[in-house]
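Visitor: Residue numbers (our numbering), protein chains in the order written: chain A, 313 to 420; chain B, 102 to 214.
Structure provided below as structure tokens; questions to follow.
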């Protein structure tokens with residue numbers, strides 16, 4: 313079983329819609345959770361971190377964490393074509409574990 | 102966040118040769134990491150570069166193939182030794198700058214012919 317699992321997609325949403333990206337993790341003692349955005353040919357960029365259950369909002373981005381269900385998600389409101397990228401979920405346990413990423417395309 | 106630079110940004114190398122990749126951070130950091138990302142794949146941790154001691158390698162990666170140096174708290178190098186086409190990849194360094202958050206350098210795109 314992988315430490316972090318994501319739907320690889322691709323996920324396509326129209327411009328202005330809400331994009332929902334999901335991630336599950338296997339280690340119950342995981343403490344920190346992150347979302348990275350990676351444009352093609354670029355390195356990952358940290359966009360959200362969340363450490364406690366509930367929602368955390370930053371601009372158009374909302375991270376949601378449910379430790380009981382071992383589930384973390386990222387919502388992108390008012391999606392823009394510039395949001396088209398691969399989104400990587402990462403979780404810290406004994407080390408930093410990355411998911412395989414979800415490819416998002418926002419259609420103008 | 103930390104500002105991280107890597108050199109070279111890309112290189113094309115012949116099989117059997119070695120390439121050393123440099124990673125420089127603009128502030129002192131405790132933890133530095135080296136990752137590999139093959140086309141269309143996620144990140145694979147190669148090793149953790151420890152200042153003042155040997156690097157800690159992940160399963161499947163060995164020091165003879167990927168020697169790492171960490172002479173101080175702002176700098177590290179990764180060498181890819183005796184390269185083969187299977188080593189063609191993007192190599193990324195990252196730092197643990199604020200608690201458990203990791204920040205990545207721009208990467209080195211390596212092609213082995």
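All residues carry an ideal CB built from backbone N, CA and C; glycine is no exception.
Quick one: what's got a C-beta closer than 6 Å to residue 135(B)'s C-beta in the same chain, skipping five residues either side?
Guide: Excluding residues within five positions, the ones whose Cβ falls inside 6 Å are 147, 148, 179, 194.
Visitor: Quick check: residue 381(A) and residue 322(A), are their CB atoms within less than 8 Å of each other?
Guide: Contact: no.
Visitor: Quick one: Cα of residue 140(B) to Cα of residue 113(B), how far?
Guide: So the two alpha carbons sit approximately 16 Å from each other.
Visitor: Taking its Cβ as the centre, do 16 or more other Cβ atoms sit within 10 Å of residue 165(B), making it buried, or is it exposed?
Guide: By the 10 Å Cβ count, residue 165(B) comes out exposed.
Visitor: So, using beta-carbon positions, are residue 404(A) and residue 320(A) closer together than 8 Å?
Guide: No, Cβ-Cβ distance for residue 404(A) and residue 320(A) is not below 8 Å.
Visitor: Looking at the C-beta of residue 323(A), does it have a partner C-beta in chain B at a distance below 8 Å?
Guide: No, its Cβ sits nowhere closer than 8 Å to a Cβ of chain B.
Visitor: Could you pull the start and end residues of the beta strand (DSSP E) that residue 361(A) belongs to?
Guide: Unbroken beta strand (DSSP E) run through residue 361(A): 357-362.
Visitor: Have a look at residue 183(B) and residue 315(A) and give me their C-alpha separation to the nearest angstrom.
Guide: C-alpha separation (whole angstroms): 31 Å.
Visitor: With a threshold of 6 Å on Cβ separation, who are the neighbours of residue 333(A) within its own chain once the five nearest residues in sequence on each side are excluded?
Guide: Result list for residue 333(A): 386, 399, 414, in chain order.
Visitor: How would you label residue 388(A), buried or exposed, when you count the other beta carbons within 10 angstroms and need 16 or more for buried?
Guide: Buried: at least 16 other Cβ atoms inside 10 Å.
Visitor: If we count the other Cβ atoms within 10 Å of its Cβ and call it buried at 16 or more, is residue 409(A) buried or exposed?
Guide: The residue is buried, with at least 16 neighbouring Cβ atoms inside 10 Å.
Visitor: Provide the residue span of the beta strand (DSSP E) that contains residue 400(A), from first to last.
Guide: Per DSSP, residue 400(A) belongs to the beta strand (DSSP E) from 397-404.
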